[in-house]
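Structure, rendered in structure tokens:
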């Protein structure tokens, strides 16, 4: 859920930390505060004397988690994917541990003027995006997939546990692993000018994971889902792609069991049935 932390005190801590980071990075913030998933991040428009209009985003984690995938993801993406449509990263600033035992990392990035395509991950209204947008997205995901990384987005051990538990199907064989954005949904994509946002979770995943995840978040809009399937048909309509779709279904069904996007559950169960009972289907 994209909302402040449930604890008002935590929300105040994050707002205070954001203001402290703004001072440290020499920016002036204005405009609304934008909360991330379950209040884990907080972003706001900012102005920098050299870089101009920017976006100041704060990530807050327990102090013992201040390393690794989420903590270093944005900086790692800046180094690994220089040609991909993503916000340029100008600066990073870490704050001390707060009185709740949590620590914040501030990331100052270029401000992206194109709006996100959805206020949340699930697409709830039809989109009519030009062919150039889809081609650019496909090219970017191909670049990401071909870029080596030592980071992990999806673990084999999790697949072995979660797929049977949440889909009722055996865990699929994953014959190919590639680098993935790892959180590809409609609130992390802009248009009509493409930009891919929020890179902290990128890492290795089953080949086709990004395409499968975006398609799953599109299932409530059949026309757009059909377009996504057409763009990624050479991935999704293969044994490798069907395995990725099954993994994604388990991922989102697990999330739904915790209260995230339960409206997707019927469509996800339908996809699982198509994937396991009629493996050659190309249904939306």
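In the numbering used here, the protein residues as written are 7 to 290. Glycine residues also receive a C-beta, built at the ideal position from the N, C-alpha and C atoms.
Measuring only the C-alpha atoms, how far is residue i from residue j?
| i | j | result |
| --- | --- | --- |
| residue 117 | residue 182 | 35 Å |
| residue 21 | residue 48 | 8 Å |
| residue 92 | residue 134 | 22 Å |
| residue 105 | residue 82 | 28 Å |
| residue 227 | residue 97 | 38 Å |
| residue 245 | residue 78 | 33 Å |
| residue 68 | residue 16 | 12 Å |
| residue 87 | residue 24 | 27 Å |
| residue 26 | residue 63 | 12 Å |
| residue 61 | residue 8 | 17 Å |
| residue 141 | residue 237 | 8 Å |
| residue 175 | residue 42 | 32 Å |
| residue 84 | residue 95 | 6 Å |
| residue 287 | residue 57 | Its pLDDT being 40, under 50, residue 287 is placed unreliably in this model, and the coordinates cannot settle the point. |
| residue 249 | residue 277 | 12 Å |
| residue 289 | residue 70 | For residue 289, the predicted structure reports a pLDDT of 46, less than 50, and the residue's modelled location is therefore unreliable. The matter cannot be settled from this model. |
| residue 234 | residue 177 | 25 Å |
| residue 145 | residue 100 | 33 Å |
| residue 239 | residue 13 | 44 Å |
| residue 149 | residue 187 | 11 Å |
| residue 153 | residue 59 | 30 Å |
In the DSSP assignment, find the alpha helix (DSSP H) that holds residue i and state where it starts and stops.
| i | result |
| --- | --- |
| residue 120 | Careful: residue 120 lies outside any alpha helix (DSSP H) and carries neither H nor E. |
| residue 111 | Looking at the DSSP string, residue 111 is not in any alpha helix (DSSP H); the run it does join, the beta strand (DSSP E), is 108–116. |
| residue 282 | 271–283 |
| residue 258 | 245–263 |
| residue 228 | 228–237 |
| residue 14 | 14–31 |
From what residue to what residue does the beta strand (DSSP E) around residue i run?
| i | result |
| --- | --- |
| residue 96 | 95–100 |
| residue 40 | 34–41 |
| residue 178 | Where residue 178 is concerned, there is no enclosing beta strand (DSSP E), given that its DSSP letter is neither H nor E. |
Do residue i and residue j have their C-beta atoms within less than 8 Å of each other?
| i | j | result |
| --- | --- | --- |
| residue 90 | residue 223 | no |
| residue 212 | residue 160 | yes |
| residue 242 | residue 221 | yes |
| residue 205 | residue 124 | no |
| residue 217 | residue 274 | no |
| residue 136 | residue 230 | no |
| residue 31 | residue 114 | yes |
| residue 157 | residue 75 | yes |
| residue 50 | residue 35 | yes |
Report back the beta-carbon spacing between residue i and residue j to the nearest angstrom; my notes put them in contact at under 8 Å.
| i | j | result |
| --- | --- | --- |
| residue 109 | residue 72 | 5 Å |
| residue 120 | residue 210 | That belief does not hold up - the Cβ atoms of residue 120 and residue 210 are roughly 29 Å apart, past 8 Å. |
| residue 262 | residue 271 | 5 Å |
| residue 37 | residue 10 | Their Cβ separation, rounded to whole angstroms, is 16 Å, which puts residue 37 and residue 10 out of contact at 8 Å. |
| residue 151 | residue 256 | Not quite, the Cβ-Cβ distance comes to about 21 Å (not below 8 Å), so this is no contact. |
| residue 165 | residue 253 | 6 Å |
| residue 111 | residue 65 | 5 Å |
| residue 185 | residue 208 | 7 Å |
| residue 247 | residue 214 | 4 Å |
| residue 281 | residue 267 | Contact doesn't hold; Cβ gap of about 19 Å is too wide. |
| residue 139 | residue 55 | Between residue 55 and residue 139 the Cβ distance is about 33 Å, and since that is not below 8 Å, they are no contact. |
| residue 190 | residue 225 | Rounded, the Cβ-Cβ distance is 14 Å, inconsistent with contact. |
Start-end ranges of the beta strand (DSSP E) lying completely within the segment 131–171, minimum 3 residues
none
Run through the segment 187–224 for me and flag every whole alpha helix (DSSP H) of 4 or more residues, listed as ranges in chain order.
215–222
Threshold first: 3 residues or longer. Then list the beta strand (DSSP E) segments lying entirely within the segment 45–82, N to C.
47–54, 58–68
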